[in-house]
Structures are given as structure tokens and as C-alpha cells.
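Heads up, the sequence shown is in the numbering used here, so the first residue is 24 and it goes up one at a time. Built from N, CA and C at the ideal position, the CB exists for glycine as well.
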Amino acid sequence: MYPVDSETRLYCLIGNPVAKSLSPILHNAAFRALGINAVYLAFCVSDPAAAVQGIRSLPIHGVSITIPHKTVILPYVDDLEPLAQAMGAVNTLYWQEERLIGANTDGLGAVLALKEKTELYGRRCLILGAGGAARAIAFALKTEGCQVVLTNRTGEKGRRLAEEIGVDWVPFGEVIRDKADILIQATSVGMYPDAEESLVPRQSLASFPIVMDIVYKPLETRLLREARQEGCLAIDGLNMLIYQAAAQFRLWTEKEAPISVMRREADAYLSGKGVSR
Ligand code: ATR
24 MYPVDSETRL YCLIGNPVAK SLSPILHNAA FRALGINAVY LAFCVSDPAA AVQGIRSLPI
84 HGVSITIPHK TVILPYVDDL EPLAQAMGAV NTLYWQEERL IGANTDGLGA VLALKEKTEL
144 YGRRCLILGA GGAARAIAFA LKTEGCQVVL TNRTGEKGRR LAEEIGVDWV PFGEVIRDKA
204 DILIQATSVG MYPDAEESLV PRQSLASFPI VMDIVYKPLE TRLLREARQE GCLAIDGLNM
264 LIYQAAAQFR LWTEKEAPIS VMRREADAYL SGKGVSR
């Protein structure tokens, strides 16, 4: 690993809170593995406009944006990639000829995690949720040519999002009767400490050959455990997180991120065996 010296490039995360973020683990693992003289730090930021001034003047070479700044950051960038513009949310800043560009790799993370296991074109995908994560995934899967169906506990919110994106919508209560090639759980349900919660009854899971959960704490949510028991292919939320980080890494360095190294370090970190923070 390079020593931190006067040529070390700084990359960072801005959000609030950031203390539990896995992004520093993933990006620093990638920098180390590829011998890139760079570090990635997490900054807890309450004033994103001031943070962007800092990013411009220091300069910081690449930035991840997380909750609650993904939308409020939009007016402060020089250009938006079309997908980030359409989604109205940015999770990545990178430099292009001295212009600060806003991009969104959240949906791509889900697409790549799924593509590792299956073809996507033409597949019927049922997405649970209508928050930021569901929105990003729905956009990205529609772009991949999937037949996307949204559902959400608060029906009106789900229906509005489905209309905005131009995908189908089903009432939440009908999920147990629905069938789809892929079920994507895009809410926080099942996240530690409520790890025994699940939105889909076990007896309905056989209608979904592939089940992906965006939750990665725990790695095996109740939904994924029951999906495996029902013979479904279960995909955990860590792969989506890694692939969205890998897409950021490519924008910043023009290099392919070492996915297996990132996964190994994240697994070790989550299981408490420890890598340096
Ligand atoms: P994010 O931006 O991380 O996706 P969010 O905008 O807070 O988070 O959205 C959370 C999503 O999880 C919403 O779809 C929410 O449903 P509502 O719109 O009905 O609130 C969903 N959600 C959270 N807790 C839930 C629960 N206990 N049961 C069902 N859906 C839940």
C-alpha cells in the first residue's frame, strides 16, 4: 500500500449520518488492491452547498453522496448525467474537464448484482417500496427492458411513483397473489434490529424464482432465508452496494473495481473480523 503523502488523492462520502457507511471499506480496499495512491474518507455534512465549495477548492477527486443530500445537491453541480437528471437524485460526483458532474449509480448497482445471476431483458420484476432505493432500481430495470411492477404499503405514493416512471403498479395486498421472475425488496424492512420482519409471507415466495433484498444488515434477512428454503435464488443487498461503488470507482479512476476484493473486505468487516476503518 502507498504511504499517504503529498501526492495522495482524496475521495470522500458526504451524508448525515455516515458513521455506519461501508463505502470507506469498499473504496479503500479497491485503491489498495490496484495500488492507487488515494484515500476515501466519510464526512458527516450538514451544509451540502458549503461542502461542494470545499470539494471544488481543495480539490477532492471524487465524491459519493448519501442520505439526506442526494436530492438537495442537484443545484450545486455543473452538469447532470441524463439518468441522474431523470431520477432527480445524485449519488456520485466526478470531474470531467474541470466540470463537476452528478451521476447516479444506485440503480446500476442493482442491475449488475442481478445480471451476475440472470438475464434481465423482458423479465417481470416486482419491486416492493417507493422510496429513493425503489425509485433508482425501478428506473434502472426499466432501462434494461424489464417489465417493472411497483407496489408500496402507502398505495398512493407507490401509484404516483409508478406513473412518474411509466411502470405498472399493484396494490400492496395483492403481492401474495402476484407472480414475477424477480422480486426486489427495496424497503428497510428486515434491517437490524428488526431482522425477523418480512413483507412477503413464506408461502408466496415460490412465485418468485429470484428474490433480491437491498438490506445487507443482516446479510441473510428473514426474506432471503425463507426464499432459499423455498428454492428461490436469493441475492443479498451487499452485492448491490458493491456494484454501485464499483460504478463510482470506474467514473473516478477509469479502472474496473476489484469486485471480489471489495466483497471479501466487506464480509470481513460485517462479520467483525475487522479491516482497518
Ligand atoms: P429510501 O430512500 O432509503 O428508499 P424511504 O424514502 O424512507 O427510504 O422509503 C422507505 C420505503 O420503505 C417506503 O416505500 C416505505 O413505505 P411507505 O411509503 O408506506 O412509508 C417502506 N417501508 C418502510 N417501513 C415499512 C413497513 N414496516 N412496511 C411496509 N413498507 C415499509
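Inter-residue CB distance, residue i and residue j (contact presumed, cutoff 8 Å)
i: L149; j: V172; result: 5 Å
i: I282; j: I258; result: At roughly 14 Å, the Cβ-Cβ gap does not stay under 8 Å, so I282 and I258 are not in contact.
i: T128; j: Q267; result: 4 Å
i: I207; j: M235; result: 5 Å
i: R146; j: Q119; result: Not quite, the Cβ-Cβ distance comes to about 33 Å (not below 8 Å), so this is no contact.
i: P194; j: G178; result: 6 Å
i: L45; j: Y215; result: About 14 Å; that fails the 8 Å criterion.
Within 8 Å, strictly: CB atoms of residue i and residue j
i: Y34; j: H84; result: yes
i: F66; j: V41; result: yes
i: V113; j: V100; result: yes
i: G196; j: N175; result: no
i: I90; j: E104; result: no
i: E139; j: N262; result: yes
i: S18; j: T115; result: Absent from the structure is residue 18, since the part of the chain shown begins at 24 and ends at 300.
i: L274; j: Y117; result: yes
i: I205; j: I237; result: no
i: A209; j: A156; result: yes
i: A74; j: I37; result: yes
i: G130; j: I96; result: no
i: Y144; j: E121; result: no
i: I48; j: A280; result: no
Element boundaries [alpha helix (DSSP H), containing residue i]
i: R251; result: 245-252
i: I48; result: 46-57
i: Y25; result: Element bounds for Y25: n/a, residue is neither H nor E.
i: F231; result: Where F231 is concerned, there is no enclosing alpha helix (DSSP H), given that its DSSP letter is neither H nor E.
i: G367; result: Absent from the structure is residue 367, since the part of the chain shown begins at 24 and ends at 300.
i: A185; result: 178-188
i: G85; result: Looking at the DSSP string, G85 is not in any alpha helix (DSSP H); the run it does join, the beta strand (DSSP E), is 85-88.
i: L143; result: L143 -> no alpha helix (DSSP H), and no H or E assigned at all.
i: A289; result: 282-293
i: Q108; result: 105-110
Range of the contiguous beta strand (DSSP E) that encloses residue i
i: S80; result: Run containing S80: none in the beta strand (DSSP E); it sits in the alpha helix (DSSP H), 71-80.
i: Q170; result: 170-174
i: T115; result: 115-119
i: F305; result: Nothing about residue 305 can be reported from this structure: the residues present for the chain run from 24 to 300 only.
i: R122; result: 122-126
i: R147; result: 147-151
i: R32; result: 32-38
i: L206; result: 205-208
i: L242; result: Careful: L242 lies outside any beta strand (DSSP E) and carries neither H nor E.
i: L256; result: 256-258
Closer than 8 Å to chain C by CB, residue i
i: Q267; result: Among the chains of the structure shown, chain C does not appear; only one protein chain is present.
The segment 240-255 contacting the segment 222-229, beta-carbon criterion three pairs below 8 Å:
yes
Counting Cβ pairs, one atom from each stretch, are 3 or more of them under 8 Å apart for the segment 181-195 and the segment 235-249?
no
Could you check whether the segment 50-61 touches the segment 107-124, counting it as contact only if at least three pairs of C-beta atoms, one from each stretch, sit closer than 8 Å?
no
The segment 71-80 contacting the segment 46-55, beta-carbon criterion three pairs below 8 Å:
no
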